[in-house]
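Only one structure is covered here, and it is reproduced in the block below.
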Amino acid sequence: MNNKALSQRKTYSLHFIVLIALISLLFYGCVLPKAQMYPGERVEDRKQAVIRVEELKEDFSKIGISKVDDEWVFKYITTFSTSDLVSEVYVLPGKHRIVTSMAIHHFLFTSHARSNLWLVAEPGGKYVVKTVLKGRRVQMWIENERTGKPVGGIVGSDDEP
Amino acid sequence: MSVPESQLVELSVVMMNLKNKNMTIDFIIQHRKKFYIWAKNLLMNSWELFNHKMSMNGFIVLIIIMSLTIFGCAAPKVKMYPGEKVADSKQAVIKGEIRAKKREVITITKVDGEMTIDYSTHLAGDWWGAVEVYVLPGKHKMVTRTDSDSSYAYGCLWVVAEPGETYIVKARTEGYRSVMWLENERSGKKIGGVTDCN
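Read top to bottom, the protein sequences are chains A and B.
So that you can map any letter, position 159 of the first sequence is 159 in this note's numbering, and since no number is skipped, the others follow by simple counting.
So that you can map any letter, position 10 of the second sequence is 1010 in this note's numbering, and since no number is skipped, the others follow by simple counting.
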């Protein structure tokens, strides 16, 4: 094989590696999108509430919001995304039901968990969905970011408004 | 021959519901009559199939599926003392409350450190404990579990059981916290208390 052919082959290999890396990034490395869960133009921050999901420290894990008030969030994603989950949602003040989904990829299998939570969002409020893994158990709850206190509860709880 | 195609569709619906025991309980409570008619029709149709077309293997598979469907949803009731079952007046019953509206079921997973159900019962109906246990009079410690749509919680309670009495494990969830207690079914009064889970 002459030098020119060898160099051309090396270039092709490099292009192939870059392409694979880009595709991998698209599928796995991208940050989850955000979604506005009400119709019309986005309102001012003080007139809406933000609910975000705290990322897990575990490797190969994915956590996000999949439903708000029984509506799939992927319908509201405006940017390009390969995921059906979002990391942050913008909602109008009032009571909302949030479904969060979590997946941890192991060597041969994937573990899944889902939480069904409610909260009464206040205008300008910022909330974060927290997750703690305890062995095979997963605890998820919503915290008010400003006060650091849990808000809302589990869907179906006796104090759900 | 009446082809039980519609029955097969119904079967798949029930099997889907079986994946979630709360849904199954809900389903049975609300559609008990429909369920009996469906089971009767399925039995008759499967007998007809067996007589006419179905191979022995097919019939066995159908029977296994039916058994899983019927016994998978049977809520486990367990006697927690050795020997023969004693008269109702000489034993006490501890039940878990079923709140069908909230799709919440309370089960008793352990009594005096002993598991109430085995692994096969757990697998058959996705049960985590018994809905009813029979104990001899005296003090008993139990681990209870409340299961709702996507969450669960454990509680550890004690009771001094009296002969002939029935006790119900009740739960109330507030926010992210579940509180469980025991009530005497007859008087409606709270009884016993909480204990450590060891």
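The C-beta atom is built at its ideal place from N, Cα and C for all residues, glycine as well.
The structure displayed is predicted, hence computed values, not measured ones.
Reference residue i; option with closest CA among the options
i: A/Leu-92; options: A/Glu-54, A/Val-120 and A/Glu-160; result: A/Val-120
i: A/Arg-46; options: A/Val-151, A/Tyr-90, A/Val-73 and A/Thr-11; result: A/Tyr-90
i: B/Arg-1145; options: B/Trp-1181, B/Lys-1189 and B/Lys-1190; result: B/Trp-1181
i: A/Tyr-127; options: A/Leu-85, A/Pro-150, A/Ile-63 and A/Leu-19; result: A/Pro-150
i: B/Ala-1100; options: B/Ser-1148, B/Asp-1088, B/Val-1194 and B/Ala-1161; result: B/Ser-1148
i: B/Thr-1195; options: B/Thr-1166, B/Ala-1161, B/Lys-1141 and B/Ser-1187; result: B/Lys-1141
i: B/Gly-1096; options: B/Tyr-1152, B/Cys-1197, B/Met-1115 and B/Ala-1171; result: B/Ala-1171
i: B/Val-1143; options: B/Lys-1110, B/Met-1080, B/Leu-1136 and B/Val-1159; result: B/Lys-1110
i: A/Glu-122; options: A/Gly-152, A/Asp-159 and A/Thr-11; result: A/Gly-152
i: A/Gly-124; options: A/Arg-9, A/Arg-146 and A/Phe-109; result: A/Arg-146
i: B/Met-1080; options: B/Glu-1132, B/Ser-1150 and B/Glu-1165; result: B/Glu-1132
i: B/Ile-1107; options: B/Val-1159, B/Val-1078 and B/Lys-1090; result: Looking at the sequence provided, one finds Thr at residue 1107 of chain B rather than Ile. The candidate whose alpha carbon is nearest that of B/Thr-1107 is B/Val-1078.
i: B/Thr-1116; options: B/Ala-1075, B/Val-1159, B/Ala-1161 and B/Arg-1186; result: B/Ala-1075
i: B/Trp-1128; options: B/Leu-1136, B/Cys-1197, B/Pro-1137 and B/Ala-1153; result: B/Ala-1153
i: A/Trp-72; options: A/Ile-17, A/Phe-60 and A/Thr-100; result: A/Thr-100
i: A/Trp-118; options: A/Val-68, A/Leu-85 and A/Gly-148; result: A/Val-68
Between the CA atoms of residue j and residue i - distance to the nearest angstrom
i: A/Ser-7; j: A/Val-43; result: 56 Å
i: B/Ser-1178; j: A/Arg-136; result: 20 Å
i: A/Val-155; j: B/Leu-1043; result: 39 Å
i: B/Val-1169; j: B/Ala-1130; result: 12 Å
i: B/Glu-1084; j: A/Val-132; result: 46 Å
i: A/Ser-83; j: A/Leu-32; result: 7 Å
i: A/Glu-54; j: A/Lys-62; result: 10 Å
i: A/Phe-74; j: A/Pro-39; result: 14 Å
i: A/Ala-49; j: A/Gly-94; result: 9 Å
i: A/Gln-139; j: A/Phe-107; result: 23 Å
i: A/Asn-116; j: A/Ile-98; result: 6 Å
i: A/Tyr-76; j: A/Asp-70; result: 13 Å
i: A/His-112; j: B/Gly-1193; result: 35 Å
i: A/Lys-134; j: B/Tyr-1176; result: 16 Å
i: B/Tyr-1134; j: A/Ile-65; result: 44 Å
i: B/His-1122; j: B/Lys-1102; result: 22 Å
i: B/Ala-1092; j: B/Asp-1112; result: 14 Å
i: B/Ile-1094; j: B/Pro-1163; result: 12 Å
i: B/Gly-1155; j: B/Tyr-1167; result: 15 Å
i: A/Glu-160; j: A/Thr-110; result: 32 Å
i: B/Leu-1157; j: A/Lys-34; result: 45 Å
i: A/Met-102; j: A/Ile-51; result: 16 Å
i: A/Gln-36; j: A/Trp-141; result: 21 Å
i: B/Tyr-1119; j: A/Glu-41; result: 54 Å
i: B/Ile-1098; j: A/His-96; result: 26 Å
i: B/Ser-1151; j: B/Glu-1104; result: 10 Å
i: B/Lys-1190; j: A/Glu-143; result: 33 Å
Neighbour-count burial assignment, residue i, 16 or more Cβ in a 10 Å radius
i: A/Leu-87; result: Here residue 87 of chain A turns out to be Ser, not Leu, going by the sequence shown. Flag for A/Ser-87 reads buried.
i: B/Thr-1173; result: buried
i: A/Val-129; result: buried
i: A/Tyr-12; result: exposed
Sheet register partners of residue i (DSSP bridge)
i: A/Ser-66; result: Note: A/Ser-66 sits in no beta bridge, so no partner.
i: A/Lys-106; result: It should be pointed out that residue 106 of chain A corresponds to His in this sequence rather than to Lys. BP columns for A/His-106 are empty, so no partner.
i: A/Pro-150; result: A/Glu-143
i: B/His-1122; result: DSSP output for B/His-1122 lists no bridge partner at all.
i: B/Ser-1232; result: With chain B represented from 1001 up to 1198, any question about residue 1232 of chain B goes unanswered, as that position is not in the structure.
i: A/Thr-131; result: A/Met-140
Exercise. In the stretch 1096–1156 of chain B, which residue ranges form an unbroken beta strand (DSSP E) of at least 3 residues, counting only runs that do not cross its ends?
Worked result: The qualifying runs are 1104–1111, 1132–1135 and 1138–1147.
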